[in-house]
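Numbering (our numbering), first residue to last: 578 to 856.
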């Protein structure tokens, strides 16, 4: 594949990212470099400052803007949370196709090219993601691969139980996302919430059989996925699945229990469960 192709040159897309106070300069700049060094470049990079951020990061972004990089900087005076921050940024995305990226992860060097090729060959699809490789906090040791179902039918069956998309890997049609209400606040699960509404809206979705992003994980990520707050989010998710007719009442309750019990386990045991699910 080559980016000199007219097909690729004509395809305009935006990157959507949100950065907050806990992001580090090194992680952010590594993420940014993986975007601008990709084999296919975005027409626009939308970066939402979700409240105050590291001064070095802000200085770096402003320097890149001064170089002529097509960055749209969107600022919020206070922390909105990921869902609301992404919704704000989505308003400033000027292209129909929007690619998500988390500010501490690394794009595979031809990620955008692979997804654009799929999009051009599957014009009815409004959302497409892919697999991710998970690493430790320092991106030195790969800890697993999080695979996702590929076809529409497999995604429909999978979504009852787990999120069928890796959020940082997806590209979506802006108009489709807006038509189902955009991102909504749902603690820890803004993405899963959105996927449920897109599927319930009978939109075509898919994943490519490729690793698209290297993801920074580790023990801190596991710690964030447990506790009472997470279980409350699971409860809201359960009610949503039932109301959207994704699952029956019994299925929803059963899946809620199966997803919630591990949230009360020690981090070490939860880590074992996550490792098993990645196999």
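Think of the CB as a built atom: it goes at the ideal place given N, C-alpha and C, for glycine as much as any other residue.
Q. Rounded C-beta distance between residue 737 and residue 824? I'm assuming under 8 Å.
A. Residue 824 and residue 737 do touch by the CB rule: their CB atoms are close to 5 Å apart, below 8 Å.
Q | Own chain partners of residue 630 with C-beta closer than 8 Å, once the 5 adjacent residues on each side are dropped | A | 596, 597, 598, 600
**Q.** Secondary structure of residue 625, DSSP reduced to three states
**A.** Strand.
Q) Taking the C-alpha atoms as reference points, what is the distance between residue 578 and residue 638? A) Here the model assigns residue 578 a pLDDT of 34, short of 50, so the residue's position is not dependable, and the following value carries that caveat. Taking the CA atoms as reference points, residue 578 sits about 30 Å from residue 638.
Q. With a Cβ-Cβ cutoff of 8 Å, do residue 793 and residue 714 count as a contact?
A. At the C-beta level, residue 793 and residue 714 come within 8 Å of one another.
Q. Since residue 862 sits in a beta bridge, which residues does DSSP pair it with?
A. This structure cannot speak to residue 862, because the chain is shown only from 578 to 856.
Q) Would you say the beta carbon of residue 784 comes nearer than 7 Å to a heavy atom of the ligand FMN? A) Summarising the ligand content, the structure contains no ligands, and the ligand FMN is consequently not present.
Q: List the residues that DSSP assigns as beta-bridge partners of residue 704.
A: Answer is 749, 782, bridged to residue 704.
Q | residue 688 - containing alpha helix (DSSP H), residue span | A | 688-698
Q | C-alpha distance - residue 836 paired with residue 811, whole-angstrom precision | A | 7 Å
**Q.** Residue burial classification, residue 817 (beta-carbon count within 10 angstroms, cutoff 16)
**A.** buried
(Q) For a quick check, are the C-beta atoms of residue 612 and residue 622 less than 8 Å apart? (A) yes
Q | Through-space distance from residue 708 to residue 775, alpha-carbon basis | A | 20 Å
Q.
Within the continuous beta strand (DSSP E) that includes residue 723, where are the two ends?
A. Per DSSP, residue 723 is one residue of the beta strand (DSSP E) stretching across 719-723.
**Q.** Cβ pair residue 773, residue 821 closer than 8 Å
**A.** yes
Q: Please report the residue range of the beta strand (DSSP E) in which residue 808 lies.
A: Looking at the DSSP string, residue 808 is not in any beta strand (DSSP E); the run it does join, the alpha helix (DSSP H), is 805-820.
Q.
Counting C-beta neighbours from all protein chains within 10 Å, is the total for residue 778 16 or more, i.e. buried, or is it exposed?
A. exposed
**Q.** Short Cβ contact (8 Å threshold) for residue 617 with residue 677
**A.** no
Q | Close Cβ partners of residue 584 (< 7 Å) along its chain, the five nearest in sequence each way excluded | A | Its pLDDT being 48, under 50, residue 584 is placed unreliably in this model, and the coordinates cannot settle the point.
(Q) So the candidates are 706, 609, 668; which of them puts its Cα closest to the Cα of residue 642? (A) 609
Q) Apart from the five residues on each side of it in sequence, which residues of its chain come closer than 7 Å, Cβ to Cβ, to residue 633? A) Here the set comprises 602.
Q. Of the residues 762, 619, 685, which one's Cα is nearest the Cα of residue 670?
A. 619
Q) Exposed or buried, which one is residue 699 when buried takes at least 16 other CB atoms within 10 Å? A) Label assigned to residue 699: exposed.
Q: Check the C-beta distance from residue 716 over to residue 791 and give it rounded, since I have them as a contact under 8 Å.
A: 7 Å
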